[in-house]
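Working notes, structure below.
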Amino acid sequence: AKYVYDFTEGNKDLKDLLGGKGANLAEMTRLGLPVPPGFTITTDACRAYLLTGSEPATLHDEVSAHLDALERRMGRRLGRGDDPLLVSVRSGAKFSMPGMMDTVLNIGLSDESVSALAAQAGDERFAWDSYRRLIQMFGRTVLGIQGDRFEERIDAARAAAGVATDVELTADQLKDLVRDFKEIVVAATGRAFPQDPREQMDLAIRAVFASWNGERAGLYRRQERIPHDLGTAVSVCAMVFGNLGPDSGTGVAFTRDPASGHQGVYGDYLPNAQGEDVVAGIRNTVPLAELERLDPASYAELLRIMEVLENHYLDLCDIEFTIERGRLWMLQTRVGKRTAAAAFRIAVQLLDQGLIDEREALRRVSGGQLAQLMFPRFTTESAPEPIATGIAASPGAAVGAAVFDSATAVARAAAGERVILVRRETNPDDLDGMIAAQGILTSRGGKTSHAAVVARGMGKTCVCGAEELTVDVAARRLTTADGTVVTEGDVISIDGSVGRVYAGEVAVVPSSVVEYFEGTAAPDSDDLVSAVHRLMTLADRERHLGVRANADTAEDAARARRFGAEGVGLCRTEHMFLGERRELVERLILAESEGERSAALDALLPLQRGDFTELFEAMDGLPVTVRLLDPPLHEFLPDLTELSVRVALDHDERDTHLLTAVRRLHEQNPMLGLRGVRLGLVVPGLFTMQVRAIAEAAARRRAAGGNPRPEIMIPLVGTVQELEIVRDEAEAVIAEVERAHDVSLSIPLGTMIELPRAALTAGQIAESADFFSFGTNDLTQTVWGFSRDDVEASFFTAYLEKGIFGVSPFETIDADGVGSLVRAAVTAGRAARPDLKLGVCGEHGGDPESVHFFHEVGLDYVSCSPFRIPVARLEAGRAAT
Ligand code: ADP
Ligand code: MG
Ligand code: MG
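So the sequence shown is numbered by the UniProt record's numbering: it starts at 7 and just counts up by one.
What follows is the structure in structure tokens.
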């Protein structure tokens with residue numbers, strides 16, 4: 007195998023093998039840009055090293071051959087002779103992991119070569135400064151010595167010399183520092199600092215390999231979902247020196263502003279310094295524009311190269327460069343990270359410049375970025391010192407009075423107050439409070455905690471795991487690390503984009519992008535909105551997937567429609583059984599005679615009909631999929647423990663009666679119990695009442711001149727027999743309503759596919775279904791055997807940390823497992839019934855990665871919460887490019 011590539015051999019498409027840094031150094035070399043010569047050791051070699059603990063047998067000789075070639079080319083030898091060659095040994099993985107792995111500069115310096123370097127450069131100070139940097143970096147990264155040990159000595163040297171920065175240390179002072187540093191090495195490792203240049207290089211290469219498995223690097227990969235088995239490449243690059251005096255320096259530059267996306271010259275420059283000084287922030291940099299004054303020739307050359315790079319990469323590039331005595335050298339480039347706003351602006355700019363086409367412009371932005379642009383935010387100027395920091399669980403900025411329980415949240419919100427729900431952690435009982443609150447703050451739990459997952463699903467701001475906070479729910483207060491107390495009603499502000507908590511009210515600016523979607527801001531109201539508008543238009547033109555909304559109320563449906571929904575893919579009917587209607591449901595459950603039961607149903611019918619009429623009106627002309635009642639009935643009854651206490655205290659007859667029912671309906675695993683179609687089959691009249699309400703609402707809308715398009719969906723079907731029975735009953739009711747109102751309603755009847763058995767027998771089920779809607783939440787629960795509410799709080803964090811999955815299967819569809827059932831059901835369903843309509847209504851419908859999967863398996867539409875609609879539209883468009 008070939009383990010080493012010269013910079014002249016590689017190119018930008020070899021990132022897997024050469025890492026991003028190595029591949030792009032090769033690409034710049036090919037473009038004829040001034041890159042110091044060098045070579046790259048492949049990620050293959052790193053993986054072999056990490057696996058076996060030693061380098062591949064042939065690596066040493068291959069490195070020797072490339073080093074020889076480099077030495078011949080430079081006419082200098084590594085760390086030897088009058089004009090010693092020095093190199094850097096640099097890490098660089100396929101995906102950029104800034105600062106997470108190691109790099110060592112000035113390899114080749116020793117007690118001997120430092121004098122040669124001094125003589126050659128005519129600058130003793132420079133040579134000793136470079137040597138002390140080598141020992142310091144090598145000591146820290148290769149020998150594992152605490153960096154503070156060196157830093158302390160530098161501080162002491164500066165203090166002794168009475169100077170503020172290390173540039174001001176004299177050659178003699180630096181010599182003393184080198185002596186001290188070498189002592190630190192001996193003290194820490196029992197060995198002298200290695201004087202053999204090749205040994206330095208080999209040790210550094212090995213250390214860079216090993217830094218792939220460093221703690222920082224592992225943590226970063228988990229956060230960024232970078233696979234753990236890629237390994238890093240190692241680039242060996244001839245040194246150029248930015249620390250050779252005032253006509254030298256080092257800097258970073260961007261071809262456009264990575265924060266705003268606007269065109270111009272952005273970057274920082276540090277005269278008389280080596281690269282790591284900029285990153286370390288040891289001295290203050292000057293804006294890049296200053297370079298124009300300091301060194302106009304290099305500045306002009308830099309601008310020219312930036313243009314070459316943009317025209318070549320067709321994207322924003324970031325750059326590391328060094329100027330050695332007036333000569334510019336390129337040390338790194340890559341397609342640069344950018345904010346969400348910048349991504350949208352840049353994509354449209356490049357499109358307008360004719361550098362990329364429309365489909366490529368779409369690929370340059372993402373649904374995740376769009377989602378970020380839709381949250382309100384705090385202005386950077388307005389934010390004070392945070393009182394605590396937690397995990398940025400769900401982005402956005404929220405301000406409100408702190409409340410410590412769900413009921414108070416609901417009550418205060420109903421009174422028109424903005425509240426932040428503060429809990430140690432949340433559970434399903436907090437749902438009402440979470441809905442009522444502007445934002446959620448917890449002191450425990452990670453990114454997959456209940457609070458985080460639910461908040462993201464609702465598009466609600468959430469900071470979780472703010473461990474410095476002590477939340478005392480009983481006393482209705484929280485205490486910060488420094489003892490600040492926030493009691494119920496005190497206003498706090500939370501920033502879910504960065505995980506910060508503030509006391510008091512921080513000023514918020516609404517998202518102009520949301521105002522645009524709402525129709526209250528014109529498509530050309532600012533350059534960000536107009537970029538979003540143009541890319542959304544492109545996405546809508548490209549996409550094959552329809553996008554519908556999960557909406558239960560006319561209000562949600564209307565908003566979803568403004569956001570671009572092409573119908574409702576899931577209307578849950580359970581909310582129509584809550585609040586004041588709960589009592590009617592109780593009557594239904596407690597009914598002891600046929601008469602009592604139908605009285606309860608008769609009372610519910612007009613209420614349901616009213617709900618549907620409003621909903622059909624809001625979505626007039628577009629399909630509305632109504633799911634018949636899904637949750638277990640006991641969810642509508644009081645809590646067992648509370649009720650028992652009440653009965654024990656007051657012996658109320660009705661409560662005693664209720665208690666019997668609650669006991670009777672109690673289930674060990676409600677999720678797998680009496681719910682969905684099973685309810686329809688054993689609670690007489692329940693489903694037919696709902697079907698009647700739907701049909702009558704449709705008939706009324708029709709009479710009013712509307713165009714209602716209801717679709718009826720049966721949940722939790724496992725076998726076609728269940729569906730057939732419910733279907734026959736439903737058809738009879740619809741026919742009756744049609745006769746009574748003298749209309750033809752043609753209401754499609756379909757089913758959810760959310761049990762493995764349904765997916766496995768999809769061919770049979772399709773015979774009786776006009777459509778399928780994949781309920782990927784329940785399907786994920788039943789395929790994995792996970793109870794979502796339990797697993798996310800208990801062991802998902804551990805699973806994520808152990809890399810069992812990179813992301814929760816409730817967040818992004820598990821394409822291999824759950825996805826293969828979806829795929830099979832699509833194939834079998836369409837084979838049985840070519841006109842079968844296929845959609846998905848699980849939360850995955852609004853998740854970017856999942857949208858791509860649903861596009862690929864050929865669904866007709868995805869359905870998601872109203873706030874995610876633009877995200878789904880954009881991602882569906884991207885999936886089609
Ligand atoms: P990172 O990935 O952390 O940026 P780099 O390998 O890019 O690490 O190197 C760290 C710093 O050292 C950068 O500022 C880089 O420009 C500088 N550097 C790396 N190699 C050389 C070299 N051969 N000559 C001069 N400076 C270098
Ligand atoms: Mg770098
Ligand atoms: Mg379900």
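For each residue, glycine too, the CB sits at the ideal point set by N, CA and C.
- Between ligand 1 and Thr328, a heavy atom-to-CB distance of less than 7 Å is present.
- As summarised for the stretch 183 to 261, the continuous alpha helix (DSSP H) elements at least 4 residues long and confined to that stretch are 203 to 217 and 221 to 230, given in chain order.
- In the DSSP assignment, Asp274 falls within the unbroken beta strand (DSSP E) covering Gln269 to Pro277.
- Within 10 angstroms of the beta-carbon of Leu584 lie fewer than 16 other beta-carbons, which makes it exposed.
- Here Tyr275 is not near Leu309, since their CB atoms are 8 Å or more apart.
- The residue among Glu798, Asp117, Leu123 and Met106 with its C-alpha nearest the C-alpha of Leu92 is Leu123.
- Your pair Asp532 and Ala403 does not check out as a contact, with CB atoms roughly 19 Å apart and the cut at 8 Å.
- Here the alpha carbon of Ser774 sits roughly 21 Å from the alpha carbon of Cys577.
- As summarised for the stretch 82 to 141, the continuous beta strand (DSSP E) elements at least 3 residues long and confined to that stretch are 93 to 99 and 109 to 113, given in chain order.
- For the pair Asp636 and Arg669, the CB atoms are not nearer than the 8 Å cut-off.
- Bridge pairing for Phe780: Ile759 and Val846 [DSSP].
- In the DSSP assignment, Ser304 falls outside any beta strand (DSSP E) and within the unbroken alpha helix (DSSP H) covering Pro302 to Tyr319.
- Judged by their CB atoms, Glu330 and Gly248 are nearer to each other than the 8 Å cut-off.
- For Thr631, there is no enclosing alpha helix (DSSP H); the enclosing beta strand (DSSP E) has its first and last residue at Pro629 to Arg633.
- Following the DSSP letters along the chain, one finds Ile740 in no beta strand (DSSP E) but inside the alpha helix (DSSP H) bounded by residues Val726 to His747.
- In this structure, Ile720 is the residue among Ile720, Thr58 and Asp321 with its C-alpha nearest to the C-alpha of Asp776.
- In the structure shown, the three-state DSSP call for Ser871 is coil.
- DSSP places Ser856 inside the alpha helix (DSSP H), whose first and last residues are Pro854 to Val863.
- Considering only Met695, Val743, Val428 and Ala764, the residue with the shortest C-alpha distance to Gly724 is Ala764.
- In this chain, the alpha helix (DSSP H) harbouring Gly153 covers Gly153 to Ala167.
- By the neighbour-count criterion, in which a residue is buried when 16 or more other Cβ atoms sit within 10 angstroms of its Cβ, Ile810 is exposed.
- With a cut-off of 8 Å on Cβ pairs, the stretch 417 to 425 is in contact with the stretch 434 to 452, counting three or more such pairs.
- The bridge partners DSSP lists for Ile426 are Ala408 and Gly445.
- Judged by DSSP secondary structure, Val653 falls within the alpha helix (DSSP H) whose first and last residues are Leu646 to Asp656.
- If you look at Asn556, you'll find it in the beta strand (DSSP E) that goes Gly552 to Asn556.
- Membership of Gly791 in any alpha helix (DSSP H) is not indicated, and neither H nor E is assigned to it by DSSP.
- When C-beta atoms of the stretch 60 to 69 are compared with those of the stretch 15 to 32, fewer than three pairs fall below 8 Å, so the two segments do not count as touching.
- Counting other Cβ atoms within 10 Å of its Cβ, Asp235 stays below 16 and is therefore classed as exposed.
- Contact between the stretch 405 to 422 and the stretch 456 to 463 is absent: fewer than 3 CB-CB pairs across the two stretches fall below 8 Å.
- For Leu334, the enclosing beta strand (DSSP E) covers residues Arg333 to Val341.
- Only residues of its own chain outside the window of five on either side were considered, and among them Ser412 and Val416 have a CB closer than 6 Å to the CB of Asp438, listed in chain order.
- In chain order, Ala563, Arg567, Gly573 and Val574 place their CB closer than 7 Å to the CB of Met625, counting only its own chain and leaving out the 5 sequence neighbours on each side.
- Not one heavy atom of ligand 2 is found less than 7 Å from the C-beta of Gln280.
- With respect to Asp50, Tyr9 sits close: the two C-beta atoms are nearer than 8 Å.
- Under the three-state reduction of DSSP output, Arg681 falls in the coil class, being neither helix nor strand.
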